[in-house]
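Taking it in order: structure first as structure tokens, then the write-up.
Chains as they are written, first to last, in this note's numbering: chain R, 17 to 393; chain V, 21 to 327.
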């Protein structure tokens, strides 16, 4: 008979459960809060690593070999590190696509559609402005990619804000529609007849490609992604728009009573996220592929969601998480060759990390040391 | 090029396609409907669908009995759905986000263990030849309906009856509509939701079994194209009513069959655009049926997507 009552108590708002302790009396509260925000995800990742080790043991593989190979394949040499960072660059931007709307409490999962359409729009912009100086072409590509991405995701925000339709479902439907549109255009009207095996658009031209960063093979996408993350962090935590967004995410009714432009904030957050995802597509075209084809739909949009949740939607935390996930992806080939593990191994590991990081949400507010103390005596 | 004969060919092909393509939609939407009636949403049914398809195919291949495969798919679905239900019972865990994680995990597990089953051929489920009266081979093949389709309709009627008239169904609906009321009655909220989620995912698993054992009738990594997620929209469309789910599934099936049907008469232009028809239909239906600031009739009050 006690079980339902316990559940009843637990599901009540935290404020009703215990008398709140004023945080301003505890000098260490900021430290405690930071530690909580660091310890919970680390504990979750260790748990995921343990669960995955068990999974490998059951299959008769040595977990030590696995983690050793991931380390070597992801960070062990200059070559593998560059590979990791190369993979991380679009992930930085697609993670922002999920993390920005998340500030408002929205779960947007359709970044993939904005990535492919942004890449395609950038290619079209390059083809239309052929002959112009490379810098002009590149700027046109960036504007087209970000613009189309912003419109595509902004539509999700608009439907959410104006019609109250669930943004998770809409963004995913739009991602499928965007992919279909992309495939139709790449294999139909925009196809280069010379691309036989792998339907592609015409190339954007060698001169218009984004060159590597000096002294490396890395393309500038990494720098662009990092700058975008820092800018988003400033936007969220240092500006009034970001503050308004966080209020809306924390308590919608309070935001509405305060007269905050909730609908506009929703559209803005989605469109801005979509612009970053579109930019990711543009960079993939301009720095890696040189044309739009199926390689653009490599799942960056979906991995971005995972990274955003791992980073708990904090743009600064997105950077290390994107590198971690990029590294796991970079090690995939080595795992296949050395341990005979199928390529879906990475998905299983990602799934375990995802589940355990979300489960760790329940730890917040449970461990006493991390909570503010009443030091008034 | 477009004449009466090809229009009727397309119509027959779409009818046939609708009967085929709708079954996974039906099972997943019934499962999602049951889960949402208990006040929780499970986006993980997409992963359940893929896992169910893989498990069904593998078991059918090893035992030679496709029906055993269907059973195993349902069990695998219940297991994965049970995990979703159990974790979401913890405080502060978002069921929407956890659904995405379960989708990734389920798909990953299915691809991981499904690798060896891409090549071999497993025995498929038999079909019921309802077209025996016709001499036309198109009509014969169009009306070769899977028994799972009828089981799905039976399940819809049964679910409707259970939710509407039984004590068990009433408890599920109370938990889904108002936690406060459920608490006042002393109902075990967490347990009821866990069972509803597990049972719902069991149904979704059967939908997956249909994909690999009936139509398209093979196992590969591109088998599911988001049916598990579209089921969420389908449930909104059918107003959380299992009987309306049947009509919705048939409609979505017809939309999904549009592309292949046009191909049969030689329309190959815009294949990808026709392929996207179900998503467009879903989106249009959502835009038309959801009104801002008004809760939908039949929507469970505790549902997180409704807030």
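Don't be surprised by glycine CBs; every beta carbon is placed ideally from N, CA and C.
Same chain only: Cβ atoms within 6 Å of residue i, ignoring 5 sequence neighbours per side
i: residue 164(R); result: 133, 134, 137 and 294
i: residue 163(V); result: 150 and 151
i: residue 100(R); result: 90, 342, 343 and 346
i: residue 283(V); result: none
i: residue 187(R); result: 124, 125, 126 and 172
i: residue 19(R); result: Caution applies to residue 19(R), whose pLDDT of 41 falls short of 50 and renders its modelled position unreliable; the value that the coordinates give is listed next. Correct list: empty, nothing qualifies.
Range covered by the alpha helix (DSSP H) that runs through residue i
i: residue 228(V); result: 209 to 233
i: residue 380(R); result: Premise fails: residue 380(R) is in no alpha helix (DSSP H) and is neither H nor E.
i: residue 48(R); result: 45 to 74
i: residue 84(R); result: 79 to 87
i: residue 272(V); result: 262 to 284
i: residue 182(R); result: Element bounds for residue 182(R): n/a, residue is neither H nor E.
i: residue 203(V); result: 199 to 204
i: residue 291(V); result: 291 to 295
i: residue 175(V); result: 167 to 185
i: residue 357(R); result: Neither: residue 357(R) is in no alpha helix (DSSP H) and is coded neither H nor E.
i: residue 62(V); result: Run containing residue 62(V): none; DSSP gives neither H nor E here.
i: residue 264(R); result: 256 to 266
i: residue 319(V); result: That residue, residue 319(V), is in no alpha helix (DSSP H); it is neither H nor E in DSSP.
i: residue 148(R); result: Careful: residue 148(R) lies outside any alpha helix (DSSP H) and carries neither H nor E.
i: residue 125(R); result: Unbroken run through residue 125(R): none, as it is neither H nor E.
Residues near residue i by beta carbon distance below 7 Å, same chain, minus five either side
i: residue 394(R); result: Nothing about residue 394(R) can be read from this structure; chain R reaches only from 17 to 393.
i: residue 63(V); result: 116, 119, 120, 123, 249 and 252
i: residue 107(V); result: 113 and 118
i: residue 359(R); result: 348 and 352
i: residue 318(R); result: 128
i: residue 355(R); result: 77, 81, 82 and 85
i: residue 76(V); result: 89, 90, 92, 93, 228, 229, 232 and 233
i: residue 173(V); result: 266
Cross-chain neighbours of residue i in chain V, by beta carbon under 7 Å
i: residue 332(R); result: Here the premise fails: no neighbours, minimum Cβ distance about 20 Å.
i: residue 377(R); result: 112 and 113
i: residue 265(R); result: Simply none; closest approach about 12 Å.
i: residue 199(R); result: 292
i: residue 380(R); result: 112
i: residue 196(R); result: 292, 293, 295 and 296
Chain V contact residues for residue i, given Cβ-Cβ distances below 9 Å
i: residue 363(R); result: 124, 125, 127, 128, 129, 131 and 132
i: residue 235(R); result: Under the 9 Å cutoff, chain V gives no residues; its nearest Cβ is about 28 Å from residue 235(R).
Assigned exposure category for residue i - 16 Cβ within 10 Å defines buried
i: residue 298(R); result: buried
i: residue 274(R); result: exposed
i: residue 222(R); result: exposed
i: residue 214(R); result: exposed
i: residue 98(V); result: buried
i: residue 23(R); result: Its pLDDT being 43, under 50, residue 23(R) is placed unreliably in this model, and the value from its coordinates should be taken loosely. Buried: at least 16 other Cβ atoms inside 10 Å.
i: residue 28(V); result: exposed
i: residue 385(R); result: exposed
i: residue 36(V); result: buried
i: residue 259(R); result: exposed
i: residue 21(V); result: The predicted model places residue 21(V) with a pLDDT of 48, which falls under 50 and marks its position as unreliable, so this point remains unresolved.
i: residue 260(V); result: buried
i: residue 125(V); result: buried
i: residue 57(V); result: buried
i: residue 272(V); result: buried
i: residue 194(R); result: buried
i: residue 31(V); result: exposed
i: residue 294(V); result: buried
i: residue 154(R); result: buried
Amino acids of chain A, ordered along the chain, whose beta-carbon sits closer than 7 Å to that of residue i
i: residue 121(V); result: No chain A is present in this structure, whose protein chains are R and V.
Where residue i meets chain R, residues with beta-carbon distance less than 8 Å
i: residue 81(V); result: Correct list: empty, because the minimum Cβ distance to chain R is about 18 Å.
i: residue 48(V); result: Here the premise fails: no neighbours, minimum Cβ distance about 14 Å.
i: residue 107(V); result: 371, 374 and 375
i: residue 135(V); result: 358 and 360
i: residue 286(V); result: Within 8 Å Cβ-Cβ: nothing; residue 286(V) doesn't reach chain R, min ~16 Å.
i: residue 253(V); result: 185 and 189
i: residue 307(V); result: 175, 179 and 181
Close-in-space but distant-in-sequence residues of the same chain around residue i (CB under 8 Å, 5 per side omitted)
i: residue 201(V); result: 194
i: residue 369(R); result: 60, 61, 64, 322 and 326
i: residue 12(V); result: The requested residue 12(V) is not part of the displayed model; chain V covers only 21 to 327.
i: residue 197(R); result: 133
i: residue 234(V); result: 40, 43, 144, 145, 147, 166 and 168
Proximal residues of chain R, C-beta to C-beta of residue i below 7 Å
i: residue 300(V); result: 193
i: residue 116(V); result: 123 and 184
Interface partners of residue i on chain R, CB under 9 Å
i: residue 192(V); result: Simply none; closest approach about 15 Å.
Residue i: CB within 7 Å of a non-hydrogen atom of the ligand FAD
i: residue 41(R); result: This structure simply doesn't include the ligand FAD, nor any ligand for that matter.
Would you mind listing the alpha helix (DSSP H) stretches within the segment 79 to 131 of chain V that are 4+ residues and don't spill past its ends, in chain order?
-> Considered as a whole, the segment 79 to 131 of chain V harbours 86 to 108 as its complete alpha helix (DSSP H) runs of no fewer than 4 residues, in chain order.
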